[in-house]
Every structure is written in C-alpha cells, then in structure tokens.
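Q: I have a structure I would like to understand better, so I am pasting it below and will then ask my questions one at a time.
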Amino acid sequence: MLDVKRIRDQRDLVRERLASRGAGDEAKVDQALEVDAQRRQLLAEVETLKAQRNRVSKEIGALMGQRKLAEAEARKAETRQIGDRIAELDGKVAALEGARDQVLLRLPNLPHESVPVGRTAEDNVVVRMWGEKAVSTFPLLPHLDLCSRLKLVDFGRGAKLSGSGFLLYTGWGARLERALISFLLDLHTGQHGYTEVSPPYLIGRDCMVGVGQFPKFEDQAYAVQEGLDSSTLGRLYLLPTAEAPVANIHREEILSDAQLPIRYVAYSPCFRAEAGAAGLGTRGMIRVHQFDKVELIKIVRPEDGYAEHEKMVADAERVLQLLGLHYRVVLLCTGDMGFASAKTYDLEVWAPGQGQYLEVSSCSNCEDFQARRMNCRYKLADGGNRFPHILNGSGTALARLFVALIETHQQADGSVLIPEPLRPYLGADRLPLPACCP
RNA sequence: GGAGGGGUGGCAGAGUGGUUGAAUGCGGCGGUCUUGAAAACCGUUAGGGCGGUGACGCUCUCGGGGGUUCGAAUCCCCCCCCCUCCGCCA
C-alpha cells in the first residue's frame, strides 16, 4: 500500500509513476485524496469534541468525590448530547477511512526509477544470458513425449483425479520432483544464507491482503470451506505461493534492527485457479493449477533493498547454473510488473523441446509496499520505527524447471542424464527407460 | 466438538466504573558513585492518528468488535486466540 502522506506530498510524482504502468490507476489518486481530506477534517472536529468530553468527565469525577452531587448531575446533562455527536462523527470518519483504504488497497506499487517504461512483455529488457541453446545430433523431444516414454508423469490420470491442470507424478518423475526440492532447499540454506521454514498451505485472508494478492486478484485463488458449513467459505485459502504466508511471518510486529536482514526459504506447493485462463491450450506441465516451488523471502533495511535484490537474483540463477540449463535474465518493464513489485527480474530457462524460454523465477523488490499492508516494522537506534523492504523470489518454480531439465539433458537413447549436483539427491545419474518400452 | 481457566506495556504481574496509558518487579537505556566493572542509588523506557517549522498539544489503543454510562482495562453481548481435562483423529 502506498503511503497516503506521500500521495499527498508528492501527488504529481505518484500519478506519473502509476501512469507508467499503463493501467490507468493514476485516476484513483485524486479520489483517495479527496476522501482522505474529508476524513481529516471530520477527525479534527470529533477529536475536539472528545477533548471537551474528557475534560468534563474528569470534572464530574472530582465533583462526585467532593459529594457535590447536584452540580455533577448538572454537568452530566450538559455533556450528554456531546456523546451523540461524537458517535455520529466517529461513524462517518470510520466510513471515510474504509472508503479511502478501499482505494489505496487497489493501487499498485510505484515502479522503481531503474525500471524501463513499457506496456507489455515486448518492452522487457534482457539483461544477461547464461549458457547456450543445446545443439543436438538427434531430434529433441518435448517433455510430453519424454514424460510418457519414461513414465514420469501420468497426465491422463492426474486429470481423472482432479481435472485438467493437475499432475500425477509417477516413479522416477515423482522421485525427481522430490530430489529437486531437497536440492534447492539445501542449496539456499547451505550456501546462500537462508533459513528454512515450512508454512501452512491453508492461509488466512490477511496473508493474501498483506502481500497484495487481495483484494484485487481474489478471483485467482482457491477458497476452501470446512465440511458442509458454507459460512466458513473464504476464511482460508490455498496458498498461491509460499510468499503469502512467509512474507507475513512478521506481520504486526516491530522487529529490532539487529534482526535484519531476515532471509527465509520455503518449499510449498502452489495453487492457482487461473480463472479466465482455462483452456488456455498449454498442454503438459507449463501452466497448471498446482505446482511445487521453493520460494525466497527477504526482509531488509531499505538502504540494503536493491543490493539484496541483486543477490537474490544471483541465488536463483545459481540453481540453473548448477543444473546446466541455459537461461536469460529479464528486467520487466513497468507495464509487465506484478501489482506489489517496484522492480522485478524474471529468470527464463530454455526448454529445447518447446523451443521457447520458460519463466521459472520472478524476483521482486516490493520495497515497503507489503510491509505497510501487513504493518511490519523495525526499530531504529534513535527509537523510530520504519518499514523494511520485503523481497520475494522463486528459487525456483519446479514444474517448468522439470521440463527444461529433462528436455535439455535428454540423450539419444531416450534416457535423461542427471546433472552432477543433483545425483546424490536422486540416487541415480540418469532417468532410465522403463524395461518394457523401447 | 464438550467442560473449565485465561488473554493488561519488551517480559512477569497488579488493577472490578472516575484525575489509571496503567502499581510493582525484571529487562533495556541514561546518569551518580568507582582506576575500571559489579553492587547500590537516581532518572528514563509502548504504538497509531490529527494539528504544528519546532518545543509540543489533542486523540485513540489493556486480544478484536459492538453496547451501557457524563466517564470503561474494569459492567453487558458477540467473536478470535491460548492453556487444562474429556471425546474424536493422522
């Protein structure tokens, strides 16, 4: 959430930065300010009345103490109607505050000045590449073929169980998925300084609001209900990313300066309804309703925010390097960035069987946007409280990583060679062809 | 799910309608004393909002919300969370 005071003080700058996203949100700025101005005016009025009431109440207390009862009664009568007026104004102030926040919660973050201005993914900037597209003497198969040949994923039965967009990993496929999760967690905890956490997969509404997922993207989430009690629907949601619970760990807290920087890594499955994207035509594992992801979260001092952001990208890149996968790093333009982000790098890995780059990581610095929403602060040496920068990044998403891995490392004989660092986790150096199939 | 107990400042723990935003203890910070440190003693120590250049002023907050009252941490109602016991259960 943007700081109202900042919107007030730097109105033009805020409008201009919002406009650069190309979503027309700058129009809401005046609306928020107008409601806020009304609120402040009424607030001043009601607080004056409250001061008056408090003063008289104390006097009444003193009179009662002196047994001047008649006088006390007179004062009471005098003050009685002030209470009604206060209640009335309190109600109005609360309503205006609600209206203001309604607007503020739907305003996206301001893009950082280093973000290129643009409208769509076309305007994103490739900042660097690593490795090269695989060249092969034999035709490289897409992952769908590899999965069925090697019996890694049973798409048909996955759909039977839960509908399209749900995967049933089988045999070596299931094992590879598990190996990747362990490999990623060990890498980030062991070499990159993150602390492992394992969050609940069902999370409260506040988590979703805190990271900026709600109220704007409520239609993208899976809401659950307890048994047959429909009144419980919407109390809990399946997490769309571990970012939602993990970034909220310190919600409503005042951290000490010494606690920062905080770096968490968490594995979780991710559930996305992808409403409106149904029948998108992406077969296989590229776009699904449930996938695994290892997520990185940082809570850092604002002055460290962007240095930590670059390090986070490097941490995610390290995954792809160790797995020998060609990728590119893309700096998203203003129009392509997520709601909460001030600056985002995507990591896109090359999938030779698809002939395209797949997004496997998105690393964002949300600055204090989320911290404000969740009221997470830290205490400075001078006693003041400050909102930290909160960063999130995939390290990395798994289904697409799985695709790139098997497509990149497939062999002429149909098996898949496993990169050295992953072998101890898999307990094998290749995914073999099932004995029964050529 | 049932019965009972409880949620107060960083922590512990008083406070059952009136000058209590809150005793006391611990911890933290500053100071006196000391060659230094400890002990002792003195002082200080929550967050939000609004206004003011500022010193500061006002206001709200004792799990959350509503109510009674001139006035609520204290009384009433609803909800949430934690603890103990019982039931069910991976």
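Counting from 1 along the first sequence, just add 4 to a position and that's the residue number in the numbering used here.
Using N, Cα and C, we set each Cβ at its ideal position, and we do this for glycine too.
Here the structure is a predicted model, which is why all the values come from computation and not from measurement.
1) I need the boundaries of the alpha helix (DSSP H) containing N128, first residue and last residue.
2) Along the chain, which unbroken stretches of the beta strand (DSSP E) at least 3 residues long are found entirely within the region 356-415?
3) State whether the region 380-399 contacts the region 429-441, with contact taken as three or more CB pairs (one from each stretch) at a distance under 8 Å.
4) Tell me which residue opens and which closes the alpha helix (DSSP H) that T256 is part of.
5) Short of 7 Å in beta carbon distance, which residues of its chain neighbour V323, apart from the five on each side in sequence? Order them along the chain.
6) If you run the structure through DSSP and keep just helix, strand and coil, what is P442?
7) Helix, strand or coil: which one does DSSP assign to L6?
8) If I follow the unbroken alpha helix (DSSP H) through Y173, where does it start and stop?
9) Under three-state DSSP, which class holds F159?
10) Mind checking R104: buried by the 16 CB within 10 Å criterion, or exposed?
11) What does the Cβ neighbour count give for V131, buried or exposed, with the cut at 16 atoms within 10 Å?
12) Keeping to the same chain, check which residues put their C-beta closer than 6 Å to that of R110; ignore five residues upstream and five downstream.
13) For E200, count neighbouring Cβ atoms within 10 angstroms of its own Cβ and tell me buried if that reaches 16, exposed if not.
14) Use the C-beta contact count for M133: other C-beta atoms within 10 angstroms, 16 or more gives buried, fewer gives exposed.
15) Thinking just about the alpha-carbon of each residue, which of Q263, G357, A346 and K72 is nearest to the one in S366?
16) Please work out which residues of its chain come closer than 7 Å, Cβ to Cβ, to I86, disregarding the five sequence neighbours upstream and downstream, and give them in chain order.
17) Tell me which residues share the same chain as Y310 and place their Cβ nearer than 7 Å to its Cβ, disregarding the 5 neighbours each side in the sequence.
18) Using three-state DSSP, classify R267 as helix, strand or coil.
19) Roughly how many angstroms separate the alpha carbons of L284 and K9, rounded to a whole number?
20) Spatial neighbours of R404 within its chain, please: C-beta separation below 6 Å, excluding the five flanking residues on both sides.
21) Starting from G208, trace the beta strand (DSSP E) in both directions and tell me its first and last residue.
22) My output table needs one value for L335: the three-state DSSP class, helix, strand or coil.
23) What first and last residue would you give for the alpha helix (DSSP H) that runs through Q294?
24) Our contact map puts G122 next to D261 with C-beta atoms below 8 Å; I'd like the distance itself, whole angstroms only.
25) When burial is assigned at 16 or more other CB atoms within 10 Å of the CB, is P115 buried or exposed?
26) Per DSSP, F275 is paired with what?
27) Can you give the Cα-Cα distance for A251 and A375, rounded to whole angstroms?
28) Could you check how far apart the C-beta atoms of A468 and I207 are, in whole angstroms? I think they sit under 8 Å.
29) Quick one: give me the first and last residue of the alpha helix (DSSP H) that T52 is part of.
30) On the CB-based measure, 16 or more other CB atoms within 10 Å of its CB, does N113 come out buried or exposed?
31) Among the residues of its own chain, which have a CB less than 6 Å from the CB of P423, if the five just before and after it don't count?
32) Please state whether DSSP places Y198 in a helix, a strand or coil.
33) In the DSSP assignment, the alpha helix (DSSP H) including V476 goes from what residue to what residue?
34) With three or more beta-carbon pairs closer than 8 Å as the criterion, would you say the region 158-170 touches the region 342-361?
35) For a quick check, are the C-beta atoms of E136 and H393 less than 8 Å apart?
36) For R79, collect the residues of the same chain with a Cβ closer than 8 Å to its Cβ; drop the 5 residues on either side in sequence, then sort them by chain order.
A: So, to answer that:
1) Taken as a continuous stretch (DSSP letters only), N128 belongs to no alpha helix (DSSP H), as it is neither H nor E.
2) Contiguous beta strand (DSSP E) elements confined to the region 356-415 occur at 360-369, 381-383 and 393-401, taking only those with 3 or more residues.
3) Using a Cβ-Cβ distance cut-off of 8 Å, the region 380-399 and the region 429-441 are not in contact, since fewer than three pairs of beta carbons, one from each stretch, lie closer than that value.
4) Before going on, a small fix: residue 256 reads as Glu here, not Thr. E256 -> no alpha helix (DSSP H), and no H or E assigned at all.
5) For V323, where only same-chain residues beyond five positions count, the Cβ hits under 7 Å are L188, L191, G399 and T400.
6) Unreliable placement is indicated for P442, whose pLDDT of 49 sits below 50; the coordinate value is still reported in the next sentence. The three-state secondary structure of P442, taken from DSSP, is coil.
7) Of the three classes helix, strand and coil, the one that applies to L6 here is coil, per DSSP.
8) Here Y173 belongs to no alpha helix (DSSP H), and DSSP marks it neither H nor E.
9) Three-state DSSP puts F159 in a helix.
10) R104 is buried by the Cβ-count criterion.
11) So V131 ends up on the exposed side.
12) Only K220 meet the Cβ criterion.
13) If you draw a 10 Å sphere on the C-beta of E200, you find fewer than 16 other C-beta atoms in it, and that means exposed.
14) Classified as exposed, M133 has fewer than 16 neighbouring CB atoms from the shown chains inside 10 Å of its CB.
15) Ranking Q263, G357, A346 and K72 by CA distance to the CA of S366 puts A346 first.
16) For I86, where only same-chain residues beyond five positions count, the Cβ hits under 7 Å are L53, Q56 and R57.
17) So the qualifying residues of the chain are N369.
18) R267: strand per DSSP, three-state reduction.
19) Note that L284 scores a pLDDT of 49, beneath 50, so its modelled location is shaky; the value from the coordinates is reported in the next line. Spanning the alpha carbons of L284 and K9 requires a straight line of approximately 42 Å.
20) The beta carbon of R404 lies closer than 6 Å to those of L362 and V364 in the same chain, with the five residues before and after it left out.
21) In the DSSP assignment, G208 falls within the unbroken beta strand (DSSP E) covering L206 to G208.
22) In the structure shown, L335 sits in a strand (DSSP, three-state: E or B).
23) For Q294, there is no enclosing alpha helix (DSSP H); the residue is found in the beta strand (DSSP E) stretching over Q294 to V304.
24) The beta-carbon separation of G122 and D261, rounded to 37 Å, does not stay under the 8 Å limit for a contact.
25) P115 should be labelled buried.
26) F275 is bridged to Q294.
27) Distance between the alpha carbons of A251 and A375 is about 9 Å.
28) Missing from the structure shown is residue 468; the chain here goes from 5 to 442 and no further.
29) Under the DSSP assignment, T52 falls in the alpha helix (DSSP H) whose first and last residues are A31 to G69.
30) It counts as buried.
31) L327 and G328, listed in sequence order.
32) Looking at Y198 - three-state DSSP - the assignment turns out to be coil, as it is neither helix nor strand.
33) Any question about residue 476 goes unanswered here, given that the chain covers just 5 to 442.
34) As far as the Cβ criterion goes, the region 158-170 does not touch the region 342-361, which means the pair count is below three.
35) Annotated as distal: E136 and H393, with beta-carbon spacing of 8 Å or more.
36) Cβ-Cβ distances below 8 Å link R79 to V60, E63, I64 and L67 in the same chain, with the five nearest sequence neighbours on each side left out; the list follows chain order.
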